[in-house]
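Notes follow the structure.
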Amino acid sequence: MNQVLRALFAPGFFASDPVHAALVVGAVVALVTGAVGVFTVIRGQAFAGHALGEVGSAGGSAAFLGGANPLWGFMGVAIVAAGLIELLGLHRPRARDVATGLVLGAGLGLAALFLYLDATSSSTTGVAVTILFGSLFAVSQQMLPSIVALSAVSLVVLAVCYRMLLLSSLSSDLAAARGVPVRALGIAYLVIMAVAVSLAAETIGAILATALVVGPPATALRLTKRPGGALVVAGLIGVAAVWLGIVLAYDSYYWPPAGHGWPVSFFVVALVFLFYLAAGAVTGMTQARRSRRSERAARRTASGCAEHPGDAA
Amino acid sequence: MNVPVPDPSADDAILNVDGISVWLAGREVLHDVRFRIMPGEFTGLIGSNGAGKTTLFRVILGLQTSSTGSVLVGGRPLTHRNPIIGYVPQKVFFDPDMPLRARDVVGLGLDGHRLGIPLDWGRRRQAVDAMLDAVDARRFADARVGNLSGGEQQRVLIAHALISRPRLLLLDEPLANLDIGAEGEVVALLARIAREQRIAVFISAHDVNPLLPVMDRLVYVAAGKTASGTTAEVIRAEVLSALYGQHVDVLRVHGRILVVAGAEGPPGVTFEETDGVAAGPGVVSL
Chain A
92 MNQVLRALFA PGFFASDPVH AALVVGAVVA LVTGAVGVFT VIRGQAFAGH
142 ALGEVGSAGG SAAFLGGANP LWGFMGVAIV AAGLIELLGL HRPRARDVAT
192 GLVLGAGLGL AALFLYLDAT SSSTTGVAVT ILFGSLFAVS QQMLPSIVAL
242 SAVSLVVLAV CYRMLLLSSL SSDLAAARGV PVRALGIAYL VIMAVAVSLA
292 AETIGAILAT ALVVGPPATA LRLTKRPGGA LVVAGLIGVA AVWLGIVLAY
342 DSYYWPPAGH GWPVSFFVVA LVFLFYLAAG AVTGMTQARR SRRSERAARR
392 TASGCAEHPG DAA
Chain B
11 MNVPVPDPSA DDAILNVDGI SVWLAGREVL HDVRFRIMPG EFTGLIGSNG
61 AGKTTLFRVI LGLQTSSTGS VLVGGRPLTH RNPIIGYVPQ KVFFDPDMPL
111 RARDVVGLGL DGHRLGIPLD WGRRRQAVDA MLDAVDARRF ADARVGNLSG
161 GEQQRVLIAH ALISRPRLLL LDEPLANLDI GAEGEVVALL ARIAREQRIA
211 VFISAHDVNP LLPVMDRLVY VAAGKTASGT TAEVIRAEVL SALYGQHVDV
261 LRVHGRILVV AGAEGPPGVT FEETDGVAAG PGVVSL
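Quick note, the sequences are listed as chains A and B, same order.
Numbering of the first sequence is given in the working numbering, commencing with residue 92 and proceeding in unit increments.
Numbering of the second sequence is given in the working numbering, commencing with residue 11 and proceeding in unit increments.
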């Protein structure tokens with residue numbers, strides 16, 4: 092047993108401060124992105140979510156240039172971008188897609204500029220990698236309270252808007268007829284999503300942020316049919332992916348090339364994807380079993396013979 | 011079948027539409043529309059696609075302003091979010107991935123416009139179960155709504171609209187995309203609701219025929235103009251010819267009604283459908 096544990100958790104795992112911080116931040120962020128992401132998926136806003144993450148990299152790199160934590164840059168720019176998308180997007184879904192693409196392009200252009208300036212001013216290229224692909228082990232301990240507080244606020248706002256969001260995701264006509272302020276709700280949701288995506292960008296990087304916002308919720312939607320359940324399951328799947336990713340990344344210091352370790356973001360994103368495939372396989376099998384069972388039942392009724400244990404074989 | 015109903019008086023009407031006109035993008039979509047609906051009455055809103063049916067519903071729901079005229083719901087002027095009105099919109103697409111069971115959709119009819127999380131679980135569940143029973147949807151209450159058939163989804167949406175106890179139920183093309191069996195079941199269900207609970211049902215359709223057995227009155231829309239009354243009063247060659255602005259014939263075959271463009275119709279008029287009044291001659295699509 093001990094050997095198994097030792098094989099799984101490399102020496103020093105539980106004593107390391109960066110690991111502790113990574114475990115806490117990763118879990119908190121995964122819970123928020125999971126819950127918020129369920130609505131991203133059912134409202135069909137995965138592209139907008141992805142765009143907010145990438146556009147956020149402009150803010151992240153600018154914040155680095157100014158000496159602030161990238162999270163504030165991610166979030167400031169993502170929220171502004173959310174507002175722009177809403178402003179340019181009018182009401183039609185196609186116009187919204189185009190608006191998202193335009194804002195995405197403009198944001199990435201700024202990111203290219205700031206990342207170049209970051210690299211020239213600090214004479215390191217590591218900044219670009221950290222902003223774009225993240226590093227959970229590099230999250231500063233001082234940011235912990237802010238991250239937890241932001242996450243808590245996002246979850247509270249989500250809970251307050253929960254029923255309205257469900258109704259308007261079902262049909263915006265229906266919601267509007269019931270007096271739901273659909274437009275304001277849409278903006279509020281984009282802001283919550285911008286915060287969630289920024290938190291994800293801080294942990295696994297701006298480019299990979301969507302993986303955490305879309306992956307665990309999409310997996311959860313395959314596994315549960317209850318709305319509340321989907322939020323919880325998505326959060327838990329995210330936590331599992333992040334924690335397992337941290338363990339593997341820590342272990343990877345002993346993998347080739349020795350002494351370097353693989354990026355934790357890679358593991359998290361790979362696990363998110365694997366979970367999604369696994370959930371598909373599981374639901375596929377249950378559906379096949381169910382249809383086989385009903386087919387057998389139909390055959391039995393047709394032939395008029397009584398059920399007997401031999402049938403199950 | 012179509013016994014003439016005495017002309018409803020304005021005082022008791024649950025819905026009184028009085029001379030409304032609606033302009034959209036420089037075009038008059040509805041022109042001087044006027045009719046009344048009494049409590050418990052089953053009224054059809056008949057017209058081809060693009061005739062202005064959905065626009066009329068949006069005006070009644072307070073989602074679209076009219077440039078002239080007035081609408082009284084339950085004797086009062088229009089407000090945004092009127093609790094007296096239940097609404098089933100056209101073409102609600104339930105994605106199979108949607109994490110909603112039939113009972114969740116019905117529950118959202120009770121409190122989907124509220125802030126916060128539902129707390130009174132017991133009473134909420136009872137109300138939802140009772141509503142599901144009322145529309146005969148209990149057996150698929152726990153199924154994913156995206157996996158239900160079209161007819162089952164319509165029942166769920168009707169339950170969603172009814173659970174807040176409206177006095178007027180608006181349904182926008184609920185029979186579109188249903189097979190004939192499901193169509194008949196939904197119509198029978200709606201007729202029962204109107205009769206038993208005294209809820210006025212106002213249902214739009216492009217084909218009048220499925221509604222013939224249960225309809226008390228109808229409002230016929232063509233090219234933004236309307237005529238209302240009983241089927242016998244409205245579905246006549248003179249009335250419809252005046253609406254369409256060209257000669258049309260009304261044929262009655264095996265208890266079904268066909269509206270077709272007459273010989274004097276402009277050349278090149280095509281018919282989308284041959285089994286109902288949908289074949290509006292030369293009606294411009296919006």
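Even for Gly, the Cβ is constructed at its ideal location relative to N, Cα and C.
Checklist entry - chain A partners of GLY126(B), CB-CB under 8 Å? => result Along the second sequence, one-based indexing puts residue 126(B) at 116. Within chain A, the residues near GLY126(B) are ALA250, VAL251, TYR253 and ARG254.
Checklist entry - Is SER31(B) near LEU25(B), with beta carbons less than 8 Å apart? => result On the second sequence, residue 31(B) is found 21 positions in, with the first residue counted as 1. On the second sequence, residue 25(B) is found 15 positions in, with the first residue counted as 1. Cβ distance not < 8 Å, so SER31(B) and LEU25(B) don't count as in contact.
Checklist entry - In angstroms, rounded to a whole number, what distance separates the CA positions of GLY306(A) and ILE170(A)? => result One-based indexing of the first sequence puts residue 306(A) at position 215. One-based indexing of the first sequence puts residue 170(A) at position 79. Each residue's Cα considered, the two are about 22 Å apart.
Checklist entry - Using a C-beta cutoff of 8 Å, does GLY275(B) count as contacting chain A? => result The sequence position of residue 275(B) within the second sequence is 265, counting from 1. Residue placement at GLY275(B) is poorly supported in this model, since its pLDDT is 45, which falls under 50; the coordinates still yield a value, given next. Taking Cβ atoms only, chain A never reaches closer than 8 Å to GLY275(B), which makes this a no.
Checklist entry - What are the partner residues of ASN26(B), as DSSP defines its beta bridges? => result Counted from its first residue, the second sequence places residue 26(B) at position 16. ARG46(B) and LEU82(B).
Next on the checklist: Can you check whether the C-beta of GLY122(B) is within less than 8 Å of a C-beta belonging to chain A?
Outcome noted: Locating residue 122(B) in the second sequence gives position 112, where the first residue counts as 1. At least one beta carbon of chain A lies nearer than 8 Å to the beta carbon of GLY122(B).
Checklist entry - For the beta strand (DSSP E) that GLU96(B) lies in, which residues bound it at each end? => result Looking up residue 96(B) in the second sequence gives position 86. According to the sequence shown, residue 96(B) is Gly rather than Glu. Per DSSP, GLY96(B) belongs to the beta strand (DSSP E) from 95-98.
Next on the checklist: In whole angstroms, give me the CA-to-CA distance for GLY147(A) and ALA151(B).
Outcome noted: Position 56 of the first sequence, counting from 1, holds the residue named residue 147(A). Position 141 of the second sequence, counting from 1, holds the residue named residue 151(B). C-alpha of GLY147(A) to C-alpha of ALA151(B): approximately 43 Å in a straight line.
Next on the checklist: Between which two residues does the beta strand (DSSP E) holding VAL229(B) run?
Outcome noted: Position 219 of the second sequence, counted from the first residue, corresponds to residue 229(B). Unbroken beta strand (DSSP E) run through VAL229(B): 227-232.
Next on the checklist: Along the segment 263-279 of chain A, where does the CB come closer than 8 Å to a CB of chain B? Name the residues.
Outcome noted: ASP264, LEU265, ALA266, ALA267, ALA268, ARG269, GLY270 and VAL271
Checklist entry - Would you report the Cα separation of ARG384(A) and GLN378(A), rounded to the nearest angstrom? => result Position 293 of the first sequence, counted from the start, is the residue given in the question as residue 384(A). Position 287 of the first sequence, counted from the start, is the residue given in the question as residue 378(A). If I take the Cα positions, the gap works out to 10 Å.
Checklist entry - Taking the C-alpha atoms as reference points, what is the distance between GLY265(B) and GLY191(B)? => result Your numbering for residue 265(B) matches position 255 in the second sequence. Your numbering for residue 191(B) matches position 181 in the second sequence. One C-alpha to the other measures close to 18 Å.
Checklist entry - Between GLY144(A) and the rest of its own chain, which residues show a CB-CB distance below 6 Å, the 5 nearest in sequence each way excluded? => result Counting from one through the first sequence, the residue named residue 144(A) turns up at place 53. The answer, listed in chain order, is VAL288, ALA292, ALA297, ALA300 and THR301.
Item to check | Buried versus exposed call for ASN6(B) [16 or more other C-beta atoms within 10 Å across all chains shown] | outcome: Because chain B is modelled from 11 through 296, residue 6(B) falls outside the range shown and cannot be assessed.
Checklist entry - Just how far apart, CA to CA, sit VAL123(A) and VAL231(B)? => result The residue labelled residue 123(A) in the question sits at position 32 within the first sequence. The residue labelled residue 231(B) in the question sits at position 221 within the second sequence. Looking at the two C-alpha atoms, the distance is approximately 50 Å.
Next on the checklist: Between the segment 207-221 of chain B and the segment 176-191 of chain B, can you find at least three pairs of beta-carbon atoms closer than 8 Å?
Outcome noted: yes
Checklist entry - For ILE298(A) and chain B, any beta-carbon pair shorter than 8 Å? => result Indexing the first sequence from 1 puts residue 298(A) at position 207. No, no contact with chain B.
Checklist entry - Hey, ALA139(A) and ILE176(A) are a contact pair by Cβ (cut 8 Å); roughly how many whole angstroms apart? => result Here the question's residue 139(A) lines up with position 48 in the first sequence. Here the question's residue 176(A) lines up with position 85 in the first sequence. That pair is a contact at about 6 Å.
Item to check | Those residues which DSSP pairs with TRP1(B) across a bridge | outcome: The first residue shown for chain B is 11 and the last is 296, placing residue 1(B) beyond what the model contains.
Next on the checklist: Using 8 Å for Cβ pairs, my map puts SER152(A) next to LEU206(A). What's the rounded Cβ distance?
Outcome noted: The count along the first sequence starts at 1 and reaches residue 152(A) at position 61. The count along the first sequence starts at 1 and reaches residue 206(A) at position 115. That pair is a contact at about 5 Å.
Item to check | Helix, strand or coil at ALA106(A) [DSSP, three-state] | outcome: Sequence index remark: in the first sequence, residue 106(A) carries index 15 (1-based). Three-state DSSP puts ALA106(A) in coil, outside helix and strand.
Next on the checklist: For a test of the three-state rule: what should DSSP assign to PHE366(A), helix, strand or coil?
Outcome noted: Along the first sequence, read from residue 1 onward, the residue named residue 366(A) stands at position 275. Looking at PHE366(A) - three-state DSSP - the assignment turns out to be helix.
Checklist entry - Going by the beta-carbon positions, is the gap between LYS63(B) and GLY57(B) smaller than 8 Å? => result Counted from its first residue, the second sequence places residue 63(B) at position 53. Counted from its first residue, the second sequence places residue 57(B) at position 47. It is a contact, given that the beta carbons lie within the stated cut-off.
Checklist entry - What in chain A is Cβ-close to LEU71(B), meaning under 7 Å? => result Along the second sequence, read from residue 1 onward, the residue named residue 71(B) stands at position 61. Simply ALA268.
Next on the checklist: Here's the rule I'm using: 16 or more other beta-carbon atoms within 10 Å means buried, otherwise exposed. How should LEU290(A) be labelled?
Outcome noted: Here residue 290(A) refers to the residue found at position 199 of the first sequence. Result: buried.
Item to check | Whether ALA325(A) touches PRO308(A) by CB criterion (8 Å) | outcome: Position 234 of the first sequence holds residue 325(A). Position 217 of the first sequence holds residue 308(A). Against a cut-off of 8 Å, the Cβ pair of PRO308(A) and ALA325(A) comes out as a contact.
Next on the checklist: Does any residue of chain B have a CB that is nearer than 8 Å to the CB of ARG381(A)?
Outcome noted: For the purposes of this step, residue 381(A) is taken as the residue at position 290 of the first sequence. No, ARG381(A) does not count as interfacial toward chain B.
Next on the checklist: Just to check my reading of the structure: PHE52(B) and VAL229(B) have Cβ atoms closer than 8 Å, yes? What is that Cβ distance to the nearest angstrom?
Outcome noted: To locate residue 52(B), count along the second sequence from 1; it is residue 42. To locate residue 229(B), count along the second sequence from 1; it is residue 219. Distance from PHE52(B) to VAL229(B) at the Cβ level is roughly 12 Å; contact not present, criterion being Cβ atoms closer than 8 Å.
Item to check | Straight-line Cα distance separating ILE222(A) from ALA210(A) | outcome: Here residue 210(A) refers to the residue found at position 119 of the first sequence. Here residue 222(A) refers to the residue found at position 131 of the first sequence. So the alpha carbons of these two residues sit roughly 12 Å apart.
Checklist entry - Hey, is MET141(B)'s beta-carbon within less than 8 Å of any beta-carbon in chain E? => result Absence of chain E from the displayed structure is noted, the protein chains being A and B.
Checklist entry - Nearest CA to the CA of LEU246(A): which residue from LEU195(A), VAL230(A), PRO272(A) and GLY128(A)? => result Taking the first residue of the first sequence as 1, we reach residue 246(A) at position 155. The option with the nearest alpha carbon to LEU246(A) is GLY128(A).
Checklist entry - Is there a Cβ from chain B that is less than 8 Å from the Cβ of HIS399(A)? => result Locating residue 399(A) in the first sequence gives position 308, where the first residue counts as 1. With a pLDDT of only 46 at HIS399(A), under 50, the local geometry of the prediction cannot be trusted, and the value read off the model is given with reservation. Closer than 8 Å: no.
Checklist entry - Can you list, in chain order, the residues of its chain whose CB lies under 7 Å from that of SER9(B), leaving out five sequence neighbours each side? => result Nothing can be reported for residue 9(B), as the shown portion of chain B is limited to 11 through 296.
Item to check | Extent of the continuous alpha helix (DSSP H) run through ILE56(B) | outcome: Translated into positions along the second sequence, residue 56(B) becomes position 46. Counted as a single uninterrupted DSSP element, the stretch harbouring ILE56(B) is not any alpha helix (DSSP H) but the beta strand (DSSP E) occupying residues 52-56.
Item to check | Close Cβ partners of ARG227(B) (< 7 Å) along its chain, the five nearest in sequence each way excluded | outcome: Taking the first residue of the second sequence as 1, we reach residue 227(B) at position 217. Counting only Cβ-Cβ distances below 7 Å, and skipping sequence neighbours, we find VAL15, GLU51, THR53, SER238, GLY239 and THR240.
Checklist entry - By Cβ distance, which residues of its chain are closer than 7 Å to GLY200(A), with the 5 residues on each side in sequence left out? => result One-based indexing of the first sequence puts residue 200(A) at position 109. So the list is empty, once near-sequence residues are dropped.
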